[in-house]
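A.B. asks:
2 protein chains.
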Amino acid sequence: MKVGILGGGQLARMIALAGYPLGLEFIVLDPGEDACAGLLCEQLLGAYDDQTLLAELAAKADVVTYEFENVPAEVAAFLSARTAVYPPPQALATAQDRLLEKDFFQQLGIPTPPYADVTSLQQFTGVMAQIGWPAILKTRRMGYDGKGQAVLRTPEDLAPAWQALEGAPAIVEGFVAFKREVSIIAARSVSGEVAFYPLAQNLHNKGILRVSECCHGDALQEQAEGYARRLLEALDYVGVLALELFELDGGLVANEFAPRVHNSGHWTIEGAQTSQFENHLRAILGWPLGDTRPEGFAAMVNFIGNNPKSEDILAMPQTHLHLYHKAGRKGRKVAHATVRTGDKAVYASLISQLADLASRLDDS
Amino acid sequence: MKVGILGGGQLARMIALAGYPLGLEFIVLDPGEDACAGLLCEQLLGAYDDQTLLAELAAKADVVTYEFENVPAEVAAFLSARTAVYPPPQALATAQDRLLEKDFFQQLGIPTPPYADVTSLQQFTGVMAQIGWPAILKTRRMGYDGKGQAVLRTPEDLAPAWQALEGAPAIVEGFVAFKREVSIIAARSVSGEVAFYPLAQNLHNKGILRVSECCHGDALQEQAEGYARRLLEALDYVGVLALELFELDGGLVANEFAPRVHNSGHWTIEGAQTSQFENHLRAILGWPLGDTRPEGFAAMVNFIGNNPKSEDILAMPQTHLHLYHKAGRKGRKVAHATVRTGDKAVYASLISQLADLASRLDDS
């Protein structure tokens, strides 16, 4: 059984690493000569919209999945006509567009921060009266890790932010005074079986995820699962999905969802009985989903910009290194480390050491 | 950093799977078109003694290791002249020859079952008076999984067993009435750092390992560690080593050692903080050794002869499937499953289910 993946970065790499023990083979399509998944499986080298390569991918793979949500709709359609493609292209289309995504949350009764479509500078100015200050202007498409965003603190910020869009469709979102950022990783199989991981509490800085901690037994688990379940069912979803949420005084509101394995689920590699990567494969292959229960205290710390020295991480007990085989570059995710331990004090100390190490390597 | 491996079977495959997260690359040399490690790294296809390929392996790899102990001495010497080779060739030479191995145990004060060199049918007959009945005749070289062995129950068995050797050097070993078969996986790094896993209790059938269970806190742990430490130090060993032992009324006696990662250590993939495969890599690269502590109750069950149906294993909680991507064949190890759980009753039930499943697939 061969799985095709659009994209050959670290997520594809970790999917393949999870899938080899299940007897699977992998093939990735990626334009990068140095795509880090290409080291451990066959790589088709070329553009994501190269129809010759897409046809080859579809012909060689029993099922195709992807590691990023910005797959063009026509690529998803091209592949779907030739082989099984999971998650479903409809989930891609929704997640790719912040306006469709927010509207979809609203239709499903999942609360969101205040938001509005922005269509002209005049309408933008008017709509800010409802959204309130501060707010954030985001392109509807192609933003990730805080890119394509502008913070709006005063009316003077509106015109420059509008001009910087250069006509790109955008939405404005009100800031919410959140207590925590959390996410839930959910999986739904071809058979309709559903599984949820414990909530992760996420720490972002400059729009990039830094730390995710597993929150076993969190009081908001049930609410998060309810929202994620609505998404999975409404999209007839297959695969792993990540729903990012803000905790406010009144409960959770949705920020966005990612129709794929997600950085805030990397703690599951060692920290849960079954990793998000393995469960993504089980889901798209119609196999029984694996146990999502955590193992003790578990968390993940990202390394951004520069790779850590391996020995520094390997010397730490109950800590696991994950290098992506990527060269360091400003703002680039190049590695993470996970912690798994039954001892709460050890856990706190290790996370603190890792976060400190990561911040010293971080030039973002 | 690139690691070369002589042999591209499941052990090489699991070494590579453990090493990718550490940012390593791999290259294997194996004569098999279908070598299962070749799916996930570069493979040099050819004989183990092909000097052109060996030179290429040595040139491309920063360090070379192996997945089987029957590497010809001249191959080890050829590679050692060109790159770092771990474990040291001396360990290979000793482990390859049952007589040298037993003599080495004796020199180190590690007790063994009674044994003797066999040099002629007449001498063989005479030596049986000291060894006692029953006993087992083993070729000095190239035996594994019970191959190259003959059981001796009566004097009538001697002549046919001797003739079946066809002149191959052999030793005879007395049976010992053991209570348990156990093994200890030990690691020693380039820096001299040493680590030991908890004893595994092993169940063999027809000379092939079937089940290994982690025995955390076993009363014989200290004795086993002492013996393993003597081996590691006497050989100036680097890498993972497995020492197989019998438990008798008076304590442990050594059966044999394997200068490599070992089937009885597969439970460590999920069952210990750091797997034997990762620790082998850490050891040969001079990195700090990883935590060997077990996670709850852990064990491994082998699948021999036929691959299990994936869904059957994946439906079991707290159970992890490891297919080697090998076709089924009588007596061939094709897969294993591990169990890791904090619940002793669940553990016992899962092991029993897996062992039952494995026995039904087993045509050895």
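From first to last, the protein sequence lines stand for chains A and B. According to the numbering used here, the stretch in the first sequence is residues 513 to 876, in order. According to the numbering used here, the stretch in the second sequence is residues 513 to 876, in order. Built from N, CA and C at the ideal position, the CB exists for glycine as well. Since we're looking at a predicted model, the values are computed, not measured.
Can you list, in chain order, the stretches of the beta strand (DSSP E) that have 3 or more residues and sit fully within the stretch 570-645 of chain B?
C.D. replies: Listed in chain order, they are 575-578, 627-630.
A.B. asks: Give me the chain B residues within the contact set of Pro710 of chain A, using Cβ-Cβ distance strictly less than 9 Å, ordered along the chain.
C.D. replies: Correct list: empty, because the minimum Cβ distance to chain B is about 16 Å.
A.B. asks: Against chain B, does Ala839 of chain A count as a neighbour if the rule is that its beta carbon must be under 8 Å from one of theirs?
C.D. replies: No, Ala839 of chain A does not count as interfacial toward chain B.
A.B. asks: Note down, in chain order, each residue of its chain lying with its Cβ closer than 6 Å to the Cβ of Gly751 of chain B, except the 5 sequence neighbours on either side.
C.D. replies: Cβ within range, chain order: Tyr598, Pro599, His792, Ala795, Ile796.
A.B. asks: Using a cut-off of 7 Å between C-beta atoms, extract the partners of Arg794 of chain B located in chain A.
C.D. replies: The contacting residues are Leu826.
A.B. asks: Can you tell me where the beta strand (DSSP E) with Gly558 of chain A in it begins and where it stops?
C.D. replies: Unbroken run through Gly558 of chain A: none, as it is neither H nor E.
A.B. asks: If the cut is a Cβ gap below 8 Å, which residues of chain A does Ser934 of chain B touch?
C.D. replies: With chain B running from 513 to 876 in the structure shown, residue 934 of chain B is simply not present.
A.B. asks: Beta-carbon separation of Glu568 of chain B and Leu552 of chain B under 8 Å?
C.D. replies: No, Cβ-Cβ distance for Glu568 of chain B and Leu552 of chain B is not below 8 Å.
A.B. asks: Nearest chain B C-beta to Pro829 of chain A closer than 8 Å, yes or no?
C.D. replies: Answer yes: the Cβ-Cβ gap between Pro829 of chain A and chain B drops below 8 Å somewhere.
A.B. asks: In the DSSP output, what is His716 of chain A paired with across the bridge?
C.D. replies: Per DSSP, A:Leu721.
A.B. asks: Between which two residues does the beta strand (DSSP E) containing Arg700 of chain B stretch?
C.D. replies: Note, Arg700 of chain B: beta strand (DSSP E), 692-700.
A.B. asks: For Gly802 of chain B, go through chain A and note every residue whose CB falls closer than 7 Å to its CB, in chain order.
C.D. replies: Within chain A, the residues near Gly802 of chain B are Leu826.
A.B. asks: Kindly give me the distance between the Cβ atoms of Asn814 of chain B and Asn775 of chain B, rounded to whole angstroms, as I take these residues to be in contact under 8 Å.
C.D. replies: Yes, Asn814 of chain B and Asn775 of chain B are in contact; Cβ-Cβ is about 7 Å, under 8 Å.
A.B. asks: If contact means a Cβ-Cβ distance below 8 Å, which residues of the stretch 513-531 of chain A contact chain B?
C.D. replies: Flagged, chain order: Arg525, Ala528, Leu529.
A.B. asks: Determine, using beta-carbon pairs with one atom in the stretch 816-826 of chain B and one in the stretch 817-830 of chain A, whether at least three such pairs fall under 8 Å.
C.D. replies: Verdict: no, contact absent.
A.B. asks: Tell me, to the nearest whole angstrom, how far the beta carbon of Val587 of chain B is from that of Leu566 of chain B; I am working on the premise that it is less than 8 Å.
C.D. replies: Yes, Val587 of chain B and Leu566 of chain B are in contact; Cβ-Cβ is about 6 Å, under 8 Å.
A.B. asks: Using the beta-carbon of each residue, which ones in chain A are nearer than 7 Å to Gln785 of chain B?
C.D. replies: The answer, in chain order, is Gln830.
A.B. asks: Just the C-alpha distance for Ala766 of chain A and Val702 of chain A, rounded to the nearest angstrom, thanks.
C.D. replies: Roughly 25 Å between the two C-alpha positions.
A.B. asks: With distances taken Cα to Cα, identify the nearest neighbour of Leu743 of chain B among B:Ile720, B:Glu759, B:His728, B:Ala770.
C.D. replies: Minimum Cα distance to Leu743 of chain B is reached at B:Ala770.
A.B. asks: I want to know whether the stretch 532-544 of chain B touches the stretch 800-813 of chain B - three or more CB-CB distances under 8 Å.
C.D. replies: They do not touch, by the three-pair rule.
A.B. asks: So is Asp855 of chain A buried or exposed if we call it buried at 16+ other beta carbons inside 10 Å?
C.D. replies: Exposed, by the Cβ-count rule.
A.B. asks: Does DSSP put Asn767 of chain B in a helix, in a strand, or in coil?
C.D. replies: DSSP places Asn767 of chain B in strand when its eight states are reduced to three.
A.B. asks: Report the rounded CA-to-CA distance for Pro710 of chain B versus Val575 of chain A, giving the unit in angstroms.
C.D. replies: Their Cα atoms are separated by approximately 41 Å.
A.B. asks: Can you give me, in chain order, the residues of the stretch 540-554 of chain A that have a beta carbon less than 7 Å from any beta carbon in chain B?
C.D. replies: Against chain B - using a Cβ distance shorter than 7 Å - the residues of the stretch 540-554 of chain A are Leu551, Leu552, Cys553.
A.B. asks: Leaving out five residues on either side along the sequence, give the residues of the same chain with a beta carbon under 6 Å from the beta carbon of Lys818 of chain B.
C.D. replies: The question names Lys, but residue 818 of chain B in the sequence shown is Asn. Gly840, Leu873.
A.B. asks: Using C-beta distances below 8 Å, list every residue in its chain close to Gln602 of chain B, excluding the 5 sequence neighbours before and after it, in chain order.
C.D. replies: Result list for Gln602 of chain B: Leu747, Asp748, in chain order.
A.B. asks: Suppose you measure from the CA of Ala628 of chain B to the CA of Leu611 of chain B; what does that come to, to the nearest Å?
C.D. replies: Cα to Cα, the separation comes out at about 8 Å.
A.B. asks: Are any of the Cβ atoms in chain B nearer than 8 Å to that of Glu807 of chain A?
C.D. replies: By this cut-off, Glu807 of chain A is an interface position.
A.B. asks: Pick helix, strand or coil for Leu565 of chain B, following the three-state DSSP scheme.
C.D. replies: In the structure shown, Leu565 of chain B sits in a helix (DSSP, three-state: H, G or I).
A.B. asks: Where does the unbroken alpha helix (DSSP H) through Thr651 of chain B begin, and where does it stop?
C.D. replies: Thr651 of chain B -> not in any alpha helix (DSSP H); beta strand (DSSP E) instead, spanning 647-651.
A.B. asks: Out of B:Ser695, B:Glu537, B:Leu869, B:Ala682, state which residue places its alpha-carbon closest to the alpha-carbon of Ser724 of chain B.
C.D. replies: It is B:Ser695.
A.B. asks: What is the residue span of the beta strand (DSSP E) that Ala707 of chain B lies within?
C.D. replies: That run of the beta strand (DSSP E) goes 706-708.
A.B. asks: Does any CB atom of chain B fall closer than 8 Å to the CB of Leu869 of chain A?
C.D. replies: No, its Cβ sits nowhere closer than 8 Å to a Cβ of chain B.
A.B. asks: Mind checking who Ile816 of chain A pairs with in its DSSP beta bridge?
C.D. replies: In DSSP, Ile816 of chain A forms a bridge with A:Lys845.
A.B. asks: Among A:Thr804, A:Glu782, A:His778, which one has its Cα closest to the Cα of Gly729 of chain A?
C.D. replies: If we check each option's Cα against that of Gly729 of chain A, A:Thr804 comes out closest.
A.B. asks: Under 7 Å: does the beta carbon of Ala867 of chain A sit that close to some heavy atom of the ligand FAD?
C.D. replies: Ligands in the displayed structure: none, and consequently the ligand FAD is not present.
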